[in-house]
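The structure appears right after this line, and notes come after that.
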Amino acid sequence: MDHMTTSTNAVEVRNVFKNYGDVQALQDLSLDFPRGELTTLLGPSGCGKTTLLKIIAGLLSATSGEVTVNGETVTGPGPDRAFVFQDFALLPWASVLRNVAFGLELRGVAKSEREAIAEKFISDVGLSGFENSFPHELSGGMRQRVGLARALSVDAEVLLMDEPFSAVDE
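Structure follows, in structure tokens:
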């Protein structure tokens, strides 16, 4: 039996170090994120939470150590992971609909299907009627919800969120 079918963890972090020059952001970090569960990282500003999420997402490489998602070593971004960024990371020239559908477009989903999926998640986050708006026309909370809808629309197995509700009203 392979590791992927025997592990109850969706994400495993083993002995991860991350250095930025002389600054050590992560030191010998090992964590498991169980499959099917919501897991929260808590800690003071600057302790490495965002760095760890970016390593799991494949957006940064660890200085040493290993991260696996569903038993596969992370070597870069993959379709099994979606990321909601703290700073929105929206395409400023694209409408809400295009921003939400963007990940599906990258995966080659047909335009009519990706727009239908995007419209569903736009509605789910309470932004119906804003499909043709651009990020600069939205409040910070609305932009954050666009980022959340984009991440949800790709139906990734692992959803990584970096302070995803910091700009969103209760």
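Numbering (the working numbering), first residue to last: 489 to 658. For each residue, glycine too, the CB sits at the ideal point set by N, CA and C. Values in this document were obtained by computation on a predicted structure and should not be read as measured data.
Candidates the options: closest to residue i by CA position
{"i": "D516", "options": "G546, S552, A639, T539", "result": "S552"}
{"i": "F609", "options": "S583, R638, V597, G628", "result": "R638"}
{"i": "T556", "options": "E625, S518, N587, V588", "result": "S518"}
{"i": "E593", "options": "V642, A570, P580, T561", "result": "V642"}
{"i": "S627", "options": "L578, M649, S600, R586", "result": "L578"}
{"i": "L640", "options": "S611, E625, H624", "result": "S611"}
{"i": "Y508", "options": "L548, E500, H624", "result": "L548"}
Rounded Cβ spacing between residue i and residue j (contact assumed at less than 8 Å)
{"i": "F576", "j": "R631", "result": "5 Å"}
{"i": "V588", "j": "A604", "result": "Between A604 and V588 the Cβ distance is about 11 Å, and since that is not below 8 Å, they are no contact."}
{"i": "V539", "j": "L514", "result": "Inspection of the sequence shows that residue 539 is occupied by Thr rather than by Val. With a Cβ gap of about 6 Å, T539 and L514 count as contacting."}
Neighbourhood of residue i by C-beta distance below 7 Å, restricted to the same chain and skipping five residues each side
{"i": "A644", "result": "P567, D568, R569, A570"}
{"i": "N497", "result": "D520, F521, P522, R523"}
{"i": "N558", "result": "M492, A498, D568, E645"}
{"i": "A545", "result": "P565, R569, F571, L648"}
{"i": "V597", "result": "none"}
{"i": "S616", "result": "I610"}
{"i": "D510", "result": "none"}
Nonlocal neighbours in the same chain, by C-beta distance under 6 Å from residue i, ignoring five residues either side
{"i": "V584", "result": "F618, E619, S621, V634"}
{"i": "T527", "result": "F521"}
{"i": "A550", "result": "V504, K506, I543"}
{"i": "Q574", "result": "D650, E651"}
{"i": "V562", "result": "G546, V555"}
{"i": "L541", "result": "L648, D650"}
{"i": "L529", "result": "K537"}
{"i": "E500", "result": "D520, T556"}
Residue(s) in a DSSP beta bridge with residue i
{"i": "P522", "result": "N497"}
{"i": "L647", "result": "A570"}
{"i": "F505", "result": "S552"}
{"i": "V597", "result": "Paired residues: none, contrary to the question."}
{"i": "L626", "result": "According to DSSP, which records beta bridges pairwise, L626 is partnered with nothing at all."}
{"i": "V557", "result": "V499, E560"}
{"i": "L547", "result": "Partner(s): none; L547 has no beta bridge."}
Spatial neighbours of residue i in its chain, beta-carbon cut-off 8 Å, leaving aside the 5 residues before and after
{"i": "F590", "result": "L579, A582, R638"}
{"i": "E601", "result": "L592"}
{"i": "R595", "result": "P567, V642"}
{"i": "H624", "result": "P580"}
8 Å Cβ cutoff, residue i in contact with chain B
{"i": "L592", "result": "Looking at the structure shown, chain B is missing, and only one protein chain is on hand."}
beta-carbon residue i near the ligand HEM non-hydrogen atom, thresh 7 Å
{"i": "E601", "result": "Only the bare structure without any ligand can be found here, which leaves the ligand HEM out of the picture."}
Is it true that the region 614-634 meets the region 533-541, where meeting means three or more beta-carbon pairs spaced less than 8 Å apart? no
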